[in-house]
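Student: All letters in the sequence shown, in the order written, are residues 0 to 343 by numbering that gives the first Met the number 0. Heads up, the beta-carbon is just placed ideally off N, CA and C, and yes, glycines get one too.
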Amino acid sequence: MTGLFLGLLLGFVMQRGRFCMAGGLRDLYLFRDSRMTIAMLIIITLQSIGLFILIDLGWAKLPSGDFRWLATLVGGLMFGIGMGLASSCSTGAYYRAAEGLVGSMIAVFGFVISSWFIRQPDGKQIFAPINAPSLPDASLTQTFNISPWIAVLVLTITTLFLVYRHLNKKSFPIPQPQPRKQGISHLLFEARWHPFVTATIIGIIALLAWPSSLLSGRVGGLGISGPSAQLFSLVTEGKTGFFGWAGYLLIGIFVGALIAAWGSQELRVRSPGWKALIKSLFGGLLMGVGSGLAGGCMLGNTVVNTAWFSWQGWLFIPCILVGSWLVSYFTIIIPNQLIKKSEA
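1) Quick check on the DSSP output: what are the complete beta strand (DSSP E) runs of length 3 or more inside the segment 85-143, in order along the chain?
2) Quick one: Cα of Met297 to Cα of Ser290, how far?
3) Can you check whether the CB of Val288 is closer than 9 Å to the CB of Ile117?
4) Using three-state DSSP, classify Phe78 as helix, strand or coil.
5) State the DSSP-derived secondary structure class of Phe231, mapped to helix, strand or coil.
6) Excluding sequence positions up to five away, which residues of its chain have a Cβ less than 8 Å from the Cβ of Leu213?
7) Over the uninterrupted alpha helix (DSSP H) stretch that includes Asp65, give me the two end residues.
8) For Phe195, report the span of its alpha helix (DSSP H) as first-last.
9) Check Ser270 in the structure and name its three-state DSSP category.
10) Go ahead and pull the three-state DSSP assignment for Ser309.
11) Could you tell me if Tyr94 is buried or exposed, where buried requires 16 or more neighbouring beta carbons within 10 angstroms of its beta carbon?
12) Roughly how many whole angstroms lie between the Cα atoms of Leu24 and Asp32?
13) Beta-carbon within less than 8 Å of Leu314's beta-carbon, same chain only, minus the 5 sequence neighbours each way: which residues are those?
14) Between Ala228 and the rest of its own chain, which residues show a CB-CB distance below 6 Å, the 5 nearest in sequence each way excluded?
15) Let's test the definition: count the other Cβ atoms within 10 Å of the Cβ of Asn300 and tell me whether it reaches 16, buried, or not, exposed.
16) Please report the Cβ distance between Leu8 and Gly255, rounded to the nearest whole angstrom; I am assuming they are in contact, meaning their Cβ atoms lie under 8 Å.
17) If you compare alpha carbons, which of Ala38, Thr36, Leu139 and Gly49 is closest to Asp65?
18) Taking the alpha helix (DSSP H) that Pro334 belongs to, which residues open and close that run?
19) Could you tell me whether the Cβ atoms of Leu100 and Gly251 are closer together than 9 Å?
20) Using CA atoms only, rank isn't needed, just tell me which of Arg267, Gln181 and Leu276 is closest to Glu98.
21) So Gly282 and Ala106 are in contact, right, with Cβ under 8 Å, and what is the actual spacing, rounded?
22) What first and last residue would you give for the alpha helix (DSSP H) that runs through Ile54?
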């Protein structure tokens with residue numbers, strides 16, 4: 000049940016911290032706002048330092064297998080486009096669905112269906128040519144034949160530099176409403192959480208997931224793509240494979256976000272309209288296929304696989320950036336340019 004506990008914490012923290020990785024990448028492109036990008040580096044760095052310590056102690060193991068480079072490229076691009084259409088990544092869609100956002104519920108629905116389909120014989124056959132090409136070295140440390148601690152050192156120095164530079168930028172105070180709660184209740188359900196604080200907590204949760212899941216016989220860290228596929232099998236076929244460590248993690252994420260939304264009085268049903276709902280559905284479908292091809296979603300690849308310097312994780316990032324930015328360009332930049340021209 001450790002998966003359930005960590006899921007509860009993760010869902011609560013992501014909801015209260017408004018930790019949206021998709022929004023962070025969009026803001027980097029549209030507004031040159033790097034806060035969420037640096038926050039993701041904090042998660043990766045904390046997890047990477049702790050992970051290799053746990054491996055040395057024998058409390059964690061790294062996944063094995065070849066690097067399916069073409070599937071990662073195609074899957075990452077599809078996931079990025081889907082993320083842009085749904086206005087959230089798959090994990091973000093889960094916690095926002097818990098808040099009552101109908102668009103996120105639809106995105107989760109599409110993600111669950113396509114995550115299941117791509118793992119079925121028909122789905123595997125369709126994408127077999129993409130899944131076939133592979134390379135033997137799964138990580139950057141293998142390819143360059145260096146100690147993982149050298150990579151950890153480089154990552155840590157880079158992250159510390161970016162954090163220091165950002166915190167020393169001139170900033171302006173953001174007006175805050177008058178507090179209605181006090182003490183712990185105010186901190187948990189009302190106070191504004193800094194992205195770096197949220198990232199630090201998520202990094203610790205992500206690190207704890209490695210030894211926790213290993214105790215159940217599962218090698219890996221956080222991830223929701225696989226259990227999302229198993230959820231569909233549970234609902235449609237009654238298969239109980241969902242009820243493992245990762246399945247309980249997924250339940251915990253939803254329930255934790257639900258508790259956070261209820262406590263912060265953000266739990267209410269909201270619908271963006273049919274046009275946005277259709278985009279969310281297609282976005283969820285693309286994210287499910289993309290994560291299936293790339294071997295993980297935004298959480299599993301961008302946050303977890305990068306921590307052990309896998310090629311899959313680090314190649315996934317530029318692919319989702321391109322996909323997400325393409326959607327932003329065609330749905331935000333170009334329409335705004337046309338409006339300005341018509342007003343000129």
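Tutor: With the given structure in hand:
1) Correct list: empty.
2) In a straight line, the C-alpha of Met297 is about 8 Å away from that of Ser290.
3) It is a contact, given that the beta carbons lie within the stated cut-off.
4) If DSSP states are grouped into helix, strand and coil, Phe78 belongs with the helices.
5) Secondary structure at Phe231: helix, using DSSP grouped into helix, strand and coil.
6) The answer, listed in chain order, is Trp58, Ala59 and Lys60.
7) Counted as a single uninterrupted DSSP element, the stretch harbouring Asp65 is not any alpha helix (DSSP H), since DSSP gives it neither H nor E.
8) For Phe195, the enclosing alpha helix (DSSP H) has its first and last residue at Pro194 to Leu214.
9) In the structure shown, Ser270 sits in coil (DSSP, three-state: anything other than H, G, I, E or B).
10) Of the three classes helix, strand and coil, the one that applies to Ser309 here is strand, per DSSP.
11) The residue in question, Tyr94, is buried, as its Cβ has 16 or more Cβ neighbours within 10 Å.
12) Annotation: Leu24 to Asp32 spans about 9 Å, alpha carbon to alpha carbon.
13) The residues are Trp68, Thr71, Leu72 and Gly75.
14) Excluding positions up to five away in sequence, the list reads Ser114, Trp115 and Arg118.
15) Counting Cβ neighbours within 10 Å, Asn300 comes out buried, since at least 16 surround it.
16) Confirmed, Cβ separation roughly 6 Å.
17) If we check each option's Cα against that of Asp65, Leu139 comes out closest.
18) Judged by DSSP secondary structure, Pro334 falls within the alpha helix (DSSP H) whose first and last residues are Ile333 to Glu342.
19) Not a contact, by the Cβ cut-off of 9 Å.
20) The residue with the shortest Cα to Cα distance from Glu98 is Arg267.
21) Right, the Cβ-Cβ distance comes to about 6 Å (below 8 Å), so this counts as a contact.
22) Note, Ile54: alpha helix (DSSP H), Arg34 to Leu56.
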